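As structure tokens, the structure follows; a few thoughts come after it.
Numbering (the working numbering), first residue to last: 17 to 99.
What follows is the structure, given as structure tokens:
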């Protein structure tokens, strides 16, 4: 997540003229639009991927919790059957 935030900060710097190659305080260089668009797309993809992974982990955790509960019920039934 910090890597994504760092990438976003870098993009802001480039867009604001702070980190443009060849930029000086008196002569802001042209915005490298193609490169920025590509980087924005990469960061957006990374955020989407991280979001899906987080949802997957959350869903997986819920499934595991359900499985744990069901296993507990099976154990209880088994113990009751054995007496």
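Where a beta carbon is used, it is the ideal one built from N, C-alpha and C, also for glycine.
No experiment lies behind these values; they were computed from the predicted model shown.
N-terminal and C-terminal residue of the alpha helix (DSSP H) that residue i is part of
i	result
residue 22	18-32
Buried or exposed by the 16-neighbour rule on C-beta atoms within 10 Å, applied to residue i
i	result
residue 30	buried
CB-CB length for residue i against residue j, believed under 8 Å
i	j	result
residue 20	residue 62	6 Å
residue 27	residue 65	So it is not a contact: roughly 18 Å between Cβ atoms.
residue 23	residue 59	5 Å
**Report entry** Segments assigned beta strand (DSSP E), at least 3 residues, entirely inside the segment 47-96
**Finding:** none
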